[in-house]
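Residue 290 is where the sequence shown starts when you use our numbering, and the numbers rise one by one after that.
Glycine included, each C-beta is placed from N, C-alpha and C at the ideal position.
These numbers were taken from a predicted model, which means no experiment stands behind them.
A short write-up of the structure that comes next.
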Amino acid sequence: MTQADAEDIRRVLAICFRGESELDAMDIERILSLDMGWLKPDEAATSVQALIASGWLTGGQENLSPIDDFSSSVT
Numbered sequence: 290m291t292q293a294d295a296e297d298i299r300r301v302l303a304i305c306f307r308g309e310s311e312l313d314a315m316d317i318e319r320i321l322s323l324d325m326g327w328l329k330p331d332e333a334a335t336s337v338q339a340l341i342a343s344g345w346l347t348g349g350q351e352n353l354s355p356i357d358d359f360s361s362s363v364t
């Protein structure tokens, strides 16, 4: 993964978790697909699971949080 890719993920997580410390996986999927219109719903579900598998998100499906505070990332 390039540094630019990692920064893109930080920005996405900063947007998703703006004002929140934990979110349900379904909430993140909704933000990515319906609110932001970036992904189709099935793509959003796959993306959230990939973020969990790669360590960007921690916790259970109902209480996910980012591995770091990305609120300072430029959004």
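Test item: CB-CB of residue i and residue j under 9 Å
| i | j | result |
| --- | --- | --- |
| Ala295 | Glu318 | no |
| Leu340 | Leu302 | yes |
Under the three-state DSSP convention, the category residue i falls into
| i | result |
| --- | --- |
| Thr347 | strand |
| Leu312 | strand |
| Leu323 | helix |
| Leu302 | helix |
Supposed contact pair residue j and residue i - C-beta distance, whole angstroms, cut 8 Å
| i | j | result |
| --- | --- | --- |
| Gln292 | Ala314 | So it is not a contact: roughly 27 Å between Cβ atoms. |
| Pro330 | Ser322 | 5 Å |
| Gly348 | Ile356 | Actually they do not touch by this definition, with Cβ atoms about 10 Å apart. |
Among the options, nearest to residue i - alpha-carbon criterion
| i | options | result |
| --- | --- | --- |
| Gln338 | Gly326, Asp297, Leu353 and Asp324 | Leu353 |
| Trp327 | Ser310, Met290, Phe359 and Cys305 | Cys305 |
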